[in-house]
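The structure under discussion appears below in the form of C-alpha coordinates.
In this note's numbering, the protein residues as written are 480 to 705.
Now the structure itself:
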(Lines of atoms letter the chains of each structure in order from A and count residues from 1; the text may use other names and numbers.)
(Lines give C-alpha, C1' and ligand atoms only; values in the text may rest on other atoms or scores of the structure.)
Protein backbone atom coordinates (compact mmCIF):
# COMPACT_ATOMS: atom_id res chain seq x y z
CA UNK A 1 0.00 0.00 0.00
CA UNK A 2 0.88 3.68 -0.15
CA UNK A 3 1.33 6.17 2.67
CA UNK A 4 0.37 9.62 1.40
CA UNK A 5 1.61 13.11 2.29
CA UNK A 6 -0.23 16.02 0.67
CA UNK A 7 1.82 19.21 0.54
CA UNK A 8 0.15 22.62 0.64
CA UNK A 9 2.65 24.88 -1.15
CA UNK A 10 0.15 27.63 -2.00
CA UNK A 11 -0.67 28.63 1.58
CA UNK A 12 2.41 30.55 2.66
CA UNK A 13 0.93 33.26 4.89
CA UNK A 14 -2.05 34.27 6.98
CA UNK A 15 -3.82 37.62 6.86
CA UNK A 16 -4.32 39.49 10.12
CA UNK A 17 -5.73 42.89 10.90
CA UNK A 18 -3.10 45.61 10.78
CA UNK A 19 -2.54 47.09 14.24
CA UNK A 20 -3.94 50.60 14.53
CA UNK A 21 -1.56 53.45 15.25
CA UNK A 22 -2.96 55.56 18.06
CA UNK A 23 -2.17 59.26 17.81
CA UNK A 24 -1.77 60.89 21.17
CA UNK A 25 -4.11 63.80 21.75
CA UNK A 26 -2.64 67.15 22.64
CA UNK A 27 -1.71 67.72 26.26
CA UNK A 28 -4.25 69.08 28.67
CA UNK A 29 -1.82 71.89 29.41
CA UNK A 30 -2.75 73.45 26.01
CA UNK A 31 -3.77 77.07 26.06
CA UNK A 32 -7.00 76.14 24.22
CA UNK A 33 -10.14 76.30 26.33
CA UNK A 34 -11.61 72.90 27.21
CA UNK A 35 -14.86 73.68 25.36
CA UNK A 36 -12.97 74.41 22.11
CA UNK A 37 -10.92 71.19 22.41
CA UNK A 38 -14.08 69.12 22.91
CA UNK A 39 -15.67 70.72 19.84
CA UNK A 40 -12.57 69.94 17.72
CA UNK A 41 -12.48 66.33 18.95
CA UNK A 42 -16.15 65.93 18.03
CA UNK A 43 -15.54 67.30 14.51
CA UNK A 44 -12.52 65.00 14.13
CA UNK A 45 -14.56 61.94 15.14
CA UNK A 46 -17.37 62.86 12.74
CA UNK A 47 -14.88 63.33 9.90
CA UNK A 48 -13.31 59.92 10.59
CA UNK A 49 -16.74 58.31 10.74
CA UNK A 50 -17.68 59.76 7.32
CA UNK A 51 -14.31 58.73 5.84
CA UNK A 52 -14.67 55.16 7.15
CA UNK A 53 -18.21 54.96 5.76
CA UNK A 54 -17.03 56.19 2.36
CA UNK A 55 -14.14 53.68 2.34
CA UNK A 56 -16.53 50.84 3.22
CA UNK A 57 -18.95 51.97 0.47
CA UNK A 58 -16.12 52.28 -2.07
CA UNK A 59 -14.55 48.92 -1.18
CA UNK A 60 -17.00 46.74 0.82
CA UNK A 61 -14.63 43.73 0.76
CA UNK A 62 -11.92 45.64 2.58
CA UNK A 63 -13.45 46.79 5.82
CA UNK A 64 -10.19 46.46 7.74
CA UNK A 65 -6.56 47.12 6.93
CA UNK A 66 -4.90 43.72 6.64
CA UNK A 67 -1.29 42.59 6.67
CA UNK A 68 0.36 39.31 5.64
CA UNK A 69 2.31 37.22 8.14
CA UNK A 70 4.45 34.64 6.36
CA UNK A 71 4.65 31.13 7.84
CA UNK A 72 8.11 30.52 9.29
CA UNK A 73 10.34 28.50 6.90
CA UNK A 74 7.34 28.09 4.57
CA UNK A 75 7.12 31.53 3.01
CA UNK A 76 7.11 30.21 -0.57
CA UNK A 77 6.20 26.94 -2.36
CA UNK A 78 9.91 26.14 -2.72
CA UNK A 79 10.58 26.69 0.99
CA UNK A 80 7.55 24.57 1.87
CA UNK A 81 8.74 21.62 -0.25
CA UNK A 82 12.19 21.71 1.37
CA UNK A 83 10.68 22.02 4.87
CA UNK A 84 8.37 19.01 4.38
CA UNK A 85 11.27 17.01 2.94
CA UNK A 86 13.62 17.80 5.83
CA UNK A 87 11.11 17.31 8.65
CA UNK A 88 8.90 14.50 7.35
CA UNK A 89 9.89 12.70 4.14
CA UNK A 90 13.61 12.42 4.90
CA UNK A 91 12.76 11.14 8.40
CA UNK A 92 10.27 8.52 7.17
CA UNK A 93 11.14 4.82 7.13
CA UNK A 94 9.80 4.49 3.56
CA UNK A 95 12.43 3.22 1.13
CA UNK A 96 10.45 3.94 -2.04
CA UNK A 97 9.17 7.51 -2.27
CA UNK A 98 7.12 8.70 -5.24
CA UNK A 99 6.18 12.28 -6.12
CA UNK A 100 3.18 13.59 -8.04
CA UNK A 101 3.82 17.29 -8.67
CA UNK A 102 1.27 19.44 -10.50
CA UNK A 103 1.98 22.74 -12.28
CA UNK A 104 4.16 24.96 -10.02
CA UNK A 105 4.75 21.90 -7.85
CA UNK A 106 7.09 20.65 -10.58
CA UNK A 107 9.19 23.79 -10.22
CA UNK A 108 9.23 23.32 -6.43
CA UNK A 109 10.39 19.70 -6.89
CA UNK A 110 13.27 20.75 -9.18
CA UNK A 111 14.31 23.32 -6.57
CA UNK A 112 14.19 20.57 -3.93
CA UNK A 113 16.49 18.46 -6.11
CA UNK A 114 18.91 21.36 -6.50
CA UNK A 115 19.04 21.87 -2.73
CA UNK A 116 18.96 18.19 -1.64
CA UNK A 117 20.23 16.30 -4.70
CA UNK A 118 21.99 13.36 -3.01
CA UNK A 119 19.16 12.75 -0.51
CA UNK A 120 16.45 12.89 -3.18
CA UNK A 121 18.30 10.49 -5.48
CA UNK A 122 18.78 8.07 -2.60
CA UNK A 123 15.15 8.03 -1.46
CA UNK A 124 12.94 8.88 -4.46
CA UNK A 125 12.08 6.07 -6.88
CA UNK A 126 10.07 8.00 -9.48
CA UNK A 127 8.45 11.38 -10.09
CA UNK A 128 5.26 12.07 -12.03
CA UNK A 129 4.83 15.68 -13.11
CA UNK A 130 1.49 16.91 -14.44
CA UNK A 131 1.61 19.98 -16.67
CA UNK A 132 4.67 21.13 -14.76
CA UNK A 133 5.95 24.69 -15.27
CA UNK A 134 9.52 23.90 -14.21
CA UNK A 135 12.44 24.99 -16.38
CA UNK A 136 15.81 23.33 -15.79
CA UNK A 137 17.63 26.15 -17.61
CA UNK A 138 16.08 29.04 -15.67
CA UNK A 139 16.43 27.12 -12.41
CA UNK A 140 20.03 26.26 -13.25
CA UNK A 141 19.66 22.53 -12.57
CA UNK A 142 23.00 20.77 -13.04
CA UNK A 143 23.81 18.06 -15.56
CA UNK A 144 23.52 15.23 -13.01
CA UNK A 145 20.03 16.42 -12.04
CA UNK A 146 18.91 16.61 -15.67
CA UNK A 147 20.23 13.09 -16.32
CA UNK A 148 18.45 11.73 -13.23
CA UNK A 149 15.19 13.38 -14.31
CA UNK A 150 15.45 11.84 -17.79
CA UNK A 151 15.63 8.39 -16.20
CA UNK A 152 13.20 8.76 -13.30
CA UNK A 153 10.61 11.42 -14.22
CA UNK A 154 7.76 11.76 -16.67
CA UNK A 155 5.66 14.87 -17.36
CA UNK A 156 2.00 14.34 -18.35
CA UNK A 157 1.15 17.57 -20.16
CA UNK A 158 -2.10 19.10 -21.38
CA UNK A 159 -2.70 17.92 -24.94
CA UNK A 160 -5.55 16.89 -27.20
CA UNK A 161 -3.60 13.75 -28.14
CA UNK A 162 -4.59 10.38 -26.58
CA UNK A 163 -3.22 9.53 -23.14
CA UNK A 164 0.51 8.63 -23.08
CA UNK A 165 1.18 9.89 -26.62
CA UNK A 166 4.72 11.24 -26.76
CA UNK A 167 4.92 15.06 -26.85
CA UNK A 168 7.98 16.88 -28.15
CA UNK A 169 10.02 18.89 -25.64
CA UNK A 170 12.65 21.59 -26.05
CA UNK A 171 14.07 20.94 -22.58
CA UNK A 172 16.73 18.30 -21.85
CA UNK A 173 15.00 16.73 -18.86
CA UNK A 174 12.15 14.25 -18.37
CA UNK A 175 10.05 12.79 -21.21
CA UNK A 176 6.71 14.49 -21.93
CA UNK A 177 3.54 12.58 -22.76
CA UNK A 178 -0.08 13.59 -23.21
CA UNK A 179 -2.35 13.60 -20.16
CA UNK A 180 -5.30 12.90 -22.45
CA UNK A 181 -6.84 16.33 -21.86
CA UNK A 182 -6.10 19.88 -22.91
CA UNK A 183 -7.42 21.25 -19.60
CA UNK A 184 -4.57 22.11 -17.24
CA UNK A 185 -6.53 21.46 -14.04
CA UNK A 186 -7.54 17.93 -15.15
CA UNK A 187 -4.09 16.65 -16.11
CA UNK A 188 -3.44 14.88 -12.78
CA UNK A 189 -6.84 13.19 -12.60
CA UNK A 190 -6.83 12.08 -16.24
CA UNK A 191 -3.33 10.60 -16.08
CA UNK A 192 -3.60 8.74 -12.73
CA UNK A 193 -3.92 5.25 -14.32
CA UNK A 194 -0.71 5.83 -16.29
CA UNK A 195 1.03 7.43 -13.30
CA UNK A 196 0.46 4.43 -11.03
CA UNK A 197 1.55 2.08 -13.80
CA UNK A 198 4.70 4.21 -14.15
CA UNK A 199 5.31 3.97 -10.38
CA UNK A 200 4.79 0.19 -10.36
CA UNK A 201 7.25 -0.33 -13.21
CA UNK A 202 9.82 1.95 -11.57
CA UNK A 203 9.49 0.08 -8.27
CA UNK A 204 9.87 -3.32 -9.96
CA UNK A 205 12.91 -2.11 -11.90
CA UNK A 206 14.51 -0.87 -8.68
CA UNK A 207 13.90 -4.22 -6.93
CA UNK A 208 15.37 -6.10 -9.90
CA UNK A 209 18.48 -3.92 -9.92
CA UNK A 210 19.07 -4.60 -6.21
CA UNK A 211 18.88 -8.41 -6.57
CA UNK A 212 22.34 -10.03 -6.71
CA UNK A 213 23.11 -11.55 -10.10
CA UNK A 214 23.23 -15.38 -9.92
CA UNK A 215 26.44 -16.59 -11.55
CA UNK A 216 27.26 -20.20 -12.46
CA UNK A 217 30.04 -20.23 -9.83
CA UNK A 218 27.80 -19.00 -7.01
CA UNK A 219 25.08 -21.47 -8.08
CA UNK A 220 27.63 -24.35 -8.07
CA UNK A 221 28.98 -23.41 -4.61
CA UNK A 222 25.46 -23.23 -3.22
CA UNK A 223 24.63 -26.63 -4.77
CA UNK A 224 27.81 -28.22 -3.29
CA UNK A 225 26.94 -26.86 0.18
CA UNK A 226 23.59 -28.60 -0.03
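The beta-carbon is built from N, C-alpha and C at its ideal position, and this holds for glycine as well.
For residue 595 and residue 567, the gap between their C-alpha atoms comes out near 14 Å. Taking all protein chains shown into account, residue 660 has 16 or more neighbouring C-beta atoms within 10 Å of its C-beta and is therefore buried. Per DSSP, reduced to three states, the secondary structure at residue 597 is helical.
Sequence-distant partners of residue 655 (beyond 5 residues in either direction) whose C-beta falls short of 7 Å from its own C-beta, in its chain, are 634, 636, 646, 648.
Straight through space, the alpha carbons of residue 546 and residue 617 are spaced by roughly 31 Å.
Burial check for residue 585: the Cβ neighbour count within 10 Å reaches 16 or more, so the residue is buried. Looking at the DSSP output, residue 553 bridges to nothing. In chain order, 585, 586, 589 place their CB closer than 6 Å to the CB of residue 613, counting only its own chain and leaving out the 5 sequence neighbours on each side. Closest option to residue 669, judged by alpha-carbon separation, among 681, 641, 484, 651: 641. Here the alpha carbon of residue 644 sits roughly 51 Å from the alpha carbon of residue 544.
For residue 578, the closest alpha carbon among the candidates 679, 605, 557, 598 is that of 605. The Cβ-Cβ distance between residue 559 and residue 488 falls below 8 Å.
Annotated three-state conformation of residue 635 is strand, per DSSP. Residue 492 is bridged by DSSP to 549. The alpha carbon of residue 481 has as its nearest neighbour, out of 682, 548, 551, the alpha carbon of 682. Of the residues 549, 592, 553, the one whose Cα lies closest to the Cα of residue 626 is 592. Counting the other CB atoms within 10 Å of its CB gives residue 561 a total of 16 or more, which places it among the buried residues. The alpha-carbon of residue 688 is positioned some 14 Å away from that of residue 631.
The alpha carbon of residue 658 has as its nearest neighbour, out of 672, 571, 690, the alpha carbon of 672. In the same chain as residue 555, and ignoring 5 residues on each side of it, the C-beta atoms closer than 7 Å to its own belong to 491, in chain order. Taking residue 486 as reference, the option from 563, 583, 497 with the minimal CA-CA separation is 563.
In the structure shown, residue 657 falls within a strand segment according to DSSP collapsed to helix, strand and coil.
By the CB criterion at 8 Å, residue 685 and residue 575 fall inside the cutoff.
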